[in-house]
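Notes follow once the structure below has been shown.
Residue numbers (the numbering used here): 27 to 276.
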């Protein structure tokens, strides 16, 4: 059982690192292919949005706790809009790194946390000691099937297989196929929904990732509450879901 658990953890970590590395490859490729007389500033997704995020982090590095729009000459009120980026800026100031590096580093770290929580949720749904089909429920399926299901090692292996298949589906599944001009194709249903992008959805904008992290963690705590009804679980679950609306008001 210990060897099986180690194998499962190894495969999950390996798959997670592969997805994160593959997702960041375009950044490396753009950096390497930038002409010598140009500078690649690490732009991802929408250029205007990216500039705003980096500006927000930069203001945090300079010690500010409110965001001021630096892309206009008009006087606009300061705001706490996207305050996670201000906090990232303060962390970047402590670490002594640039706003651009902090932006991409946070994408990697939040992506890793997001993947860990997804796997944790999968383990709750398919626990290691789960009985795929208990012998009592399998009386009509034949003696051989009953004997196999009574073996703990086999039950754990089947449960591990379920978890790994579920994790792989989360990593590599895409949106529903579309029919365009009579041609069946797999394409994003909405260009504005980054979560349907294969692989890339785990390294999207940091505030998106934070919203997804809090959402999955809220679901996990709610499932804990169903298992063990304690007020702390449902209170923290509700708080986390509320934070999702703060980070992702759209």
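Don't be surprised by glycine CBs; every beta carbon is placed ideally from N, CA and C.
Which residues does DSSP pair with residue i in a beta bridge?
i, result
"residue 271", "The partner list for residue 271 (beta bridge, DSSP) is empty, contrary to what the question assumes."
"residue 93", "105"
Reducing DSSP to helix, strand and coil, say where residue i ends up.
i, result
"residue 105", "strand"
"residue 230", "coil"
"residue 181", "helix"
"residue 167", "With a pLDDT of 48 at residue 167, under the threshold of 50, the modelled position of this residue cannot be trusted, and the question is left open."
"residue 150", "helix"
"residue 98", "coil"
"residue 40", "helix"
"residue 259", "helix"
"residue 265", "helix"
"residue 33", "helix"
"residue 62", "coil"
"residue 200", "coil"
"residue 68", "coil"
"residue 246", "helix"
"residue 123", "coil"
"residue 158", "The pLDDT assigned to residue 158 is 46, lower than 50, so where the model puts this residue is not dependable, and the model offers no usable value."
"residue 188", "helix"
Around the C-beta of residue i, are 16 or more other C-beta atoms found within 10 angstroms, so that it is buried, or is it exposed?
i, result
"residue 66", "exposed"
"residue 185", "buried"
"residue 34", "buried"
"residue 227", "buried"
"residue 235", "buried"
"residue 59", "exposed"
"residue 32", "exposed"
"residue 93", "buried"
"residue 122", "exposed"
"residue 84", "buried"
"residue 181", "buried"
"residue 71", "exposed"
Name the residue from the options whose alpha carbon lies nearest to the alpha carbon of residue i.
i, options, result
"residue 97", "74, 87, 105", "74"
"residue 242", "196, 126, 57", "196"
"residue 237", "84, 79, 269, 61", "269"
"residue 198", "36, 108, 30, 44", "44"
"residue 239", "261, 191, 145, 150", "145"
"residue 49", "252, 133, 200, 254", "133"
"residue 126", "264, 245, 183, 231", "231"
"residue 69", "128, 107, 110", "128"
"residue 248", "181, 189, 192, 150", "150"
"residue 29", "80, 183, 117", "183"
"residue 142", "80, 190, 62", "190"
"residue 140", "244, 260, 76", "244"
To the nearest angstrom, how far is it from the Cα of residue i to the Cα of residue j?
i, j, result
"residue 88", "residue 119", "7 Å"
"residue 101", "residue 256", "49 Å"
"residue 55", "residue 246", "37 Å"
"residue 131", "residue 179", "40 Å"
"residue 46", "residue 135", "10 Å"
"residue 265", "residue 41", "31 Å"
"residue 273", "residue 109", "9 Å"
"residue 137", "residue 229", "5 Å"
"residue 52", "residue 38", "23 Å"
"residue 23", "residue 103", "Since the first residue shown for the chain is 27 and the last is 276, residue 23 is missing from the structure and cannot be characterised."
"residue 153", "residue 105", "45 Å"
"residue 193", "residue 250", "20 Å"
"residue 252", "residue 260", "9 Å"
"residue 86", "residue 233", "15 Å"
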